[in-house]
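Residue numbers (the working numbering): 85 to 450.
Here the structure comes first, spelled out in structure tokens, and everything after it is commentary.
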Amino acid sequence: MLLAHKIELRPTPEQKDYLDRACGHRRHCYNQLLDYFSQKDESGQLVNKWSKAAAYQYYINVLRVKFPWYSEVSSRVTRNAIDDLDNAFKHFFRRCKNGEKPGYPRFKKRDRKDSFALREAEKFDVENRTLRIEKLGSRIELRQKVRFGGKCKQVTISKRAGKYYASILVETDEYDPKDVNRQPSVGVDVGIKSLATLSNGESFPASQPLKKELRKLRKEQKKLSRKVVGSNRRARAKLKVQKTHFRIARQRQAVAHQLSDYVTKTFDRIVIEDLNVKGMIKNRKLSRAIADVGFGMLRQMIEYKAKLRNCVVVIANRFFPSSKMCSSCGQIKQDLTLKDRVYNCDCGLSIDRDLNAALNLNRYSS
Ligand SMILES: [Zn+2]
């Protein structure tokens, strides 16, 4: 299965220079090709009909000779512009055939969707958090590791608003939909104390670094609110808050990836609560805790990974009393409060509150 992961780059000034030139050369080559294959004679007929082979001939015999500086960067940077333009023409021909608005391929403009691609494994490689590109002497640092294990098939570098990104396409078998070793079913209770408790007794503790960052954020926000509007100090405090927000977002993402990876790799059927709604209407403190772990994101991740791995996700109805029901006898305890960490039932069951909820979810049938 081919999956893409887009990661921000941290290029040095020299590396930025290479990336900028590569984007520029690719755009130049693309525009040269488009110009050549769009020329018309006096009667309005195309002089050179587009075909990939003809484009390749023109590229080798004319463009590369005329513009020797193409070779400053990986030769594939400009060579791959042929494929890109071929795609644009294919779409154009298809739309013409279907009687849609044709949308003839357009010239690329500077600083608008600047990008280039390397589609040949020997022209680049990814190792830990670094990316090598042909003809660039040093490895570019990546902000994150590639999320999927497997062979990197192609990389597309793009530049947006002064930032550089690499979209890395990986051939991975981590999402094997026919995995036979998975267990049948699990209930996942997303909680306050721990991030999640599973019906098989495992639990994912709340991320300590995340908690620390959240405390820090609250302090910084308080400080910010006290600063005079328009002052330099306020600007600095604001920047601090933004940076903390960013770190928190990344940590939440990391935690959500861990949990969603685990449950979708290990179980065929995953039952989760419809907490999005429930948390918001029921309890402010609870909804705060849920927002802290980013439940919406967690649910989204579980759902998309389940799709890839061919598992079933069941969202329990929000009126399902997963916490209040005894997982042993089915009695419902109406007076259970959020403070009760242990569920004690008249039938003799005494069990961790979150585990009780996870067990009930595991048995949930819609
Ligand atoms: Zn009971």
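Here a beta-carbon is modelled for each residue, glycine too, at the ideal position from N, C-alpha and C.
Keep in mind it's a predicted model, so treat the numbers as computed, not measured.
Check, Outcome
"Spatial neighbours of Leu77 in its chain, beta-carbon cut-off 7 Å, leaving aside the 5 residues before and after", "Outside the shown range of the chain, which is 85 to 450, sits residue 77, and nothing can be said about it."
"Check: Gln415 C-beta below 7 Å from any heavy atom of ligand 1", "yes"
"Limits of the beta strand (DSSP E) - the one that Arg244 falls within", "235–244"
"Proximity below 8 Å, CB of Leu308 to CB of Val325", "yes"
"Segment contact flag, the stretch 219–233 with the stretch 247–267, C-beta cutoff 8 Å, min 3 pairs", "yes"
"For Tyr140, the three-state DSSP class (helix, strand or coil)", "helix"
"For Lys389 and Thr162, the rounded distance between their alpha carbons", "35 Å"
"Ligand 1 heavy atom lying under 7 Å from the CB of Leu433", "yes"
"Pair within 8 Å by beta-carbon distance, Ala139 and Gly271", "no"
"Coarse secondary structure for Met385, derived from DSSP in three states", "helix"
"Close Cβ partners of Ile365 (< 6 Å) along its chain, the five nearest in sequence each way excluded", "Any answer about Ile365 is weak, because its pLDDT of 42 lies below 50 and its placement is not dependable; what the coordinates show is given next. Excluding sequence neighbours, Ile365 sits near nothing in its chain."
"Sub-8 Å separation of Ala106 and Leu253 beta-carbons", "no"
"Beta-carbon proximity list for Val361, same chain, < 8 Å, skipping 5 on both sides", "Residue placement at Val361 cannot be trusted, given a pLDDT of 47 that sits under 50; the coordinates are not used to answer."
"Beta-bridge pairing of Gln267 - partner residues as DSSP gives them", "Phe351"
"Span of the alpha helix (DSSP H) around Pro293", "292–310"
"Length of the line joining the Cα atoms of Ile416 and Met409", "4 Å"
"Nearest-angstrom Cβ-Cβ length linking Ile357 and Val274, presumed shorter than 8 Å", "Note on residue identity: the sequence assigns Glu, not Ile, to residue 357. Correct: roughly 7 Å between the Cβ atoms."
"Those residues which DSSP pairs with Val477 across a bridge", "Any question about residue 477 goes unanswered here, given that the chain covers just 85 to 450."
"Residues bridged to Ile224 (per DSSP)", "Leu215"
"Check: Ser406 C-beta below 7 Å from any heavy atom of ligand 1", "no"
"Three-state secondary structure (DSSP) of Asn316", "helix"
"Proximity test, Asp419 beta-carbon vs ligand 1 heavy atom, cut-off 7 Å", "no"
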